[in-house]
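**Q**
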Amino acid sequence: MKVDLIIAPIRELHTLQGRSGPRRGRDHGDTGVIRDAGIVVNDGHVASIGPAHEILREHSSELVVDASKSVVTPGLVDCHTHLVWAGDRSEDFVRRSSGISYEQIAAEGGGILSTMRATREASVEDLTDSLLSRIELIRSLGTTTCEIKASYGLSPEGCRNELDAIAAAKSKTNLRIAVTFMAAHAYPPDRPQEDFVELIRSELLPMAAGHPAGPSFNDVFCEVGAFDVETTELILRAGIELGLTPKVHADEFNVLGGVELGCRLGAASCDHLLASGAHQFRTLAESSTVAVVMPGTAHYLGKPYADARAMIDTGCAVALGTDFNPGSSMIPSMPFVLGLAVSKMKLTPEEALVAATVNAAAALPDAIPEGVGTLAPGAPADLCLWPARTLGEMVWQYTFIRPTQVFIGGRAA
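Residues in the sequence shown are numbered from 335 upward in steps of one, following the numbering used here.
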């Protein structure tokens, strides 16, 4: 049978096929590995997988890729980024080296607010160009699906410009993009706090829900110095009424109840969780909400890492993201995040890969095609070839590894 693409032989293929939904418990380390494997792609989707000799005997193609010296995985899914921004936070970075905390810098009007000012001043064209450059960067590092937050405008025009940039970028890239609206990232200094909350509920959320960028989610930063639990609930419920699924930046620095609120409201994910403990882990484990951890943020800020090992052992569905942003995680590389998850959070390479593929996709429900994050028959043919003999060797090279080839929808990216 003639097909569009054959990749065979493959030294080590991680299919991530199995039961639907996010992996938990013992399943969290099941990557569906097949050695000396082959994969058939037709019409942008995985047509079949199996032993290499059978694949090559039963199929033919004008495009056959030899992966006998490669690990092949699904394309990586980065389920938490802030890719739209303008400006520079290098001064914040340098100040932290002298012992000034992220929270103190934010309280002094730096941090998110400095990015707000620069983003508001940028044109849609400039925002789009910088966003496309970042998209190309993360794709070269193995990310084939990502979530992008509109999170720095903090005004009607600023938020609209961010969404316009995302919509423009979506039309110019084959990277799969899920969009999150996050007006509730910080309180802007040019408006009373109560007025800003009302603006979000009455004007910004309705604008976002109808925007061509097509946001699926509404995210709130529930934290000391940002939005308290009661206000977070008001904003999330306003989004729910407009069809936007909740997400929560929760327990990044302090435990305020954001995890419990997110799980109660059916949030797609609660993200960060650096300060979370056993009670929050049990709450997440008993819910459908995905626990998104981002070791790059802890690494970048010099904070303790989220206890992802305990989360998995408690039964949470754990996902990984970069949190790529200018202030607290200038880290675009999902392979680097996998390496931190193994070296600092004590996940196995297999658990980390699950968290960066099928579980990360589960944190983006209904926003991306079904099957993203796996290479099961029928799934989109989003995959990466890595210059390694085993998954362990791939993750071992986490500070510098890049895929040798990336395919999105069966096409070389």
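We put the beta carbon where it would ideally sit given N, CA and C, even for glycine.
Computed from a prediction, not measured in an experiment: that's the story for all the values here.
Return the residue from the list 617, 533, 746, 467 that minimises the CA-CA distance to residue 597.
**A** Selected option, being the one with the closest Cα: 617.
**Q** Could you please give the first and the last residue of the uninterrupted beta strand (DSSP E) stretch that includes residue 686?
**A** Not the beta strand (DSSP E): residue 686 falls in the alpha helix (DSSP H), residues 683 to 689.
**Q** To which residues of the same chain is residue 342 closer than 6 angstroms at the C-beta, ignoring the five residues directly before and after it?
**A** Closer than 6 angstroms at the Cβ level, and outside the excluded window around residue 342, lie 372, 386, 389, 390.
**Q** Rounding to the nearest angstrom, what Cα-Cα distance links residue 481 and residue 697 in this structure?
**A** Using only the alpha carbons, I get a separation of about 10 angstroms.
**Q** Comparing the CB of residue 470 with every heavy atom of the ligand NAP, is any distance shorter than 8 angstroms?
**A** You won't find the ligand NAP in this model; it holds no ligand whatsoever.
**Q** Quick check on the burial criterion: 16 or more other C-beta atoms within 10 angstroms. Buried or exposed for residue 581?
**A** Answer is buried; the Cβ neighbour count reaches 16.
**Q** Taking residue 365 as the reference, give the member of 335, 531, 408, 404 with the closest Cα.
**A** Ranking the options by Cα distance to residue 365, first place goes to 408.
**Q** If you scan the region 403 to 438 from start to end, which runs of the beta strand (DSSP E) of 3 or more residues do you find wholly inside it?
**A** Here the runs fully enclosed are 410 to 412.
**Q** Going by beta-carbon coordinates alone, are residue 340 and residue 406 separated by less than 9 angstroms?
**A** Contact: no.
**Q** Can you name, in chain order, every residue of its own chain whose Cβ lies under 6 angstroms from the Cβ of residue 726, other than the five neighbours on each side?
**A** These residues qualify, in order along the chain: 683.
**Q** Apply the 10 Å Cβ neighbour rule to residue 670 and answer buried if 16 or more other Cβ atoms are within range, or exposed otherwise.
**A** Buried, since its Cβ has 16 or more Cβ neighbours within 10 Å.
**Q** Whole angstroms is fine: what's the gap from residue 377's alpha carbon to residue 473's?
**A** C-alpha separation (whole angstroms): 21 angstroms.
**Q** Reducing DSSP to helix, strand and coil, say where residue 545 ends up.
**A** Here residue 545 sits in coil by DSSP.
**Q** Alpha carbon to alpha carbon, how far is residue 592 from residue 753? Give it in angstroms, no decimals.
**A** Lying outside 335 to 747, the shown extent of the chain, residue 753 is not represented and no answer is given.
**Q** For residue 491, which three-state DSSP category applies?
**A** It is helical.
**Q** Just to confirm, are residue 578 and residue 543 a CB contact at a threshold of 9 angstroms?
**A** Cβ distance < 9 angstroms, so residue 578 and residue 543 count as in contact.
**Q** Residue 655 and residue 628: beta carbons closer than 9 angstroms?
**A** Result yes, Cβ atoms of residue 655 and residue 628 sit closer than 9 angstroms.
**Q** Would residue 612 be called buried (16 or more neighbouring beta carbons within 10 Å of its own) or exposed?
**A** Exposed, since its Cβ has fewer than 16 Cβ neighbours within 10 Å.
**Q** Could you tell me whether the region 632 to 644 touches the region 704 to 718, where touching means 3 or more Cβ pairs closer than 8 angstroms?
**A** The answer is no - the region 704 to 718 does not touch the region 632 to 644, with fewer than three Cβ pairs under 8 angstroms.
**Q** Measuring CB atoms only, is the region 646 to 655 touching the region 411 to 429, in the sense that at least three cross pairs come out at less than 8 angstroms?
**A** Result yes; three or more Cβ-Cβ pairs closer than 8 angstroms.
**Q** Hey, quick one: how far does the alpha helix (DSSP H) through residue 473 stretch, first residue to last?
**A** Per DSSP, residue 473 belongs to the alpha helix (DSSP H) from 458 to 474.
**Q** Confirm, please, whether the CB-CB distance from residue 608 to residue 640 is below 9 angstroms.
**A** In contact: residue 640 and residue 608 (Cβ atoms closer than 9 angstroms).
**Q** Ends of the alpha helix (DSSP H) at residue 658?
**A** Segment: none, residue 658 is in no alpha helix (DSSP H) and carries neither H nor E.
**Q** Would DSSP call residue 606 helix, strand or coil?
**A** Strand.
**Q** Out of 695, 595, 701, state which residue places its alpha-carbon closest to the alpha-carbon of residue 584.
**A** Checked all of 695, 595, 701; the closest Cα to residue 584 is 595.
**Q** My output table needs one value for residue 697: the three-state DSSP class, helix, strand or coil.
**A** Residue 697 falls in the coil class under three-state DSSP.
**Q** Residue 348: which of 710, 732, 375 sits nearest, CA to CA?
**A** Here the closest residue by C-alpha is 710.
**Q** In whole angstroms, what is the alpha-carbon distance linking residue 731 and residue 469?
**A** The straight-line gap from Cα to Cα measures roughly 22 angstroms.
**Q** Helix, strand or coil for residue 504 per DSSP?
**A** DSSP places residue 504 in helix when its eight states are reduced to three.
**Q** For a test of the three-state rule: what should DSSP assign to residue 631, helix, strand or coil?
**A** In this structure, residue 631 counts as helix in the three-state DSSP scheme.
**Q** Which stretch, first to last residue, makes up the alpha helix (DSSP H) that contains residue 529?
**A** Start and end: 527 to 533.
**Q** If I follow the unbroken alpha helix (DSSP H) through residue 593, where does it start and stop?
**A** Unbroken alpha helix (DSSP H) run through residue 593: 592 to 598.
**Q** Assign residue 519 to one of three DSSP states: helix, strand, or coil.
**A** Residue 519: coil per DSSP, three-state reduction.
**Q** Can you grab the Cα-Cα spacing for the pair residue 693 / residue 721, in whole Å?
**A** Computed Cα separation, rounded: 24 angstroms.
**Q** Suppose the cutoff is 7 angstroms on Cβ atoms and the five residues either side in sequence are ignored; what does the same chain contact list for residue 475 look like?
**A** Around residue 475: 666, 667, 668, 669, 736.
**Q** Residues in the same chain with beta-carbon distance under 6 angstroms from residue 454, minus the five sequence neighbours each way, listed in chain order, please.
**A** Excluding sequence neighbours, residue 454 sits near 492.
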